[in-house]
Amino acid sequence: TEFDDMVINGDLNSRYAYGGAFLAELIPLGKLGKLTGKGPSELRHKLDLQMFAEGTGKYASNAAQYQKLKDSLAREEIQSVIKTTDHGAERLMVRGFTPSEISDLKLSPSKVMTQSDGAGVYIKEISAGKFNVIVESENGVVTALKNISENSLNRLSKNYEWK
């Protein structure tokens, strides 16, 4: 594969160790190329077999390295669907939004409002009295809320002057 060729040819600076920090560093730089375009199971398998810990030469024993890689992949996946601020990407990830939920909310909201500061508020009723919300400024998604009640939605609308 392209990734294997990069390793064999030394394009990864000859860092051959197991873990996650090294790949997590490369992902934001776009140096993994087509690897991230592979199917989820193939990508997971590839990462299981070829995760690298920066410069250690040893198997990673640090769960933080794996978490850093996982977070980088999730952020990249979300930002491939929609422009976000750092906080917005974090909110989307922490609240468990999938790329399809984000697309569905943006492309077919139940209601679109405007916040007092000019940000767009996209609201989608996902079940009776439960809503997903994305607030988006000119800089991208600022925050996101998932599965909130109608009462919470009404309080937010009043507090942030959604019109």
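Just so you know, our numbering puts 1074 at position 122 of the sequence shown, and the rest follows in order with no gaps.
Glycine is no exception: its CB is placed at the ideal position from the N, C-alpha and C atoms.
- Taking Asn-1084 as reference, the option from Glu-1042, Asp-1069, Val-1073 with the minimal CA-CA separation is Val-1073.
- Straight across, the Cα-Cα distance linking Glu-1053 with Gln-1017 is about 28 Å.
- Contact between Lys-1035 and Asp-1056 fails: their C-beta atoms lie close to 17 Å from each other, not under 8 Å.
- Apart from the 5 residues on each side of it in sequence, Asn-1091 sits with its Cβ closer than 7 Å to the Cβ of Thr-1037 in its chain, given in chain order.
- A direct Cα-to-Cα measurement between Trp-1114 and Phe-1049 gives close to 22 Å.
- Around Met-1045, the same chain offers Ala-1026 as residues with beta carbons nearer than 6 Å, after the five sequence neighbours per side are excluded.
- Of the other Cβ atoms in all chains shown, 16 or more fall within 10 Å of the Cβ of Lys-1020; this residue is therefore buried.
- The shortest C-alpha to C-alpha distance from Ser-1079 to any of Leu-1108, Glu-1028, Ser-1062 is the one to Ser-1062.
- Within the DSSP bridge table, the entry for Gly-1072 names Thr-1066, Glu-1088 as partners.
- According to DSSP, residue pairing for Glu-1077 in a beta bridge involves Phe-1083.
- The beta carbon of Ala-1041 lies closer than 7 Å to those of Arg-1027, Ile-1030, Gln-1031 in the same chain, with the five residues before and after it left out.
- Around the beta carbon of Glu-1088, 16 or more other beta carbons lie within 10 angstroms, which makes this residue buried.
- Cβ contact annotation for Leu-1097 (same chain, cutoff 6 Å, sequence separation greater than five): Val-1085, in chain order.
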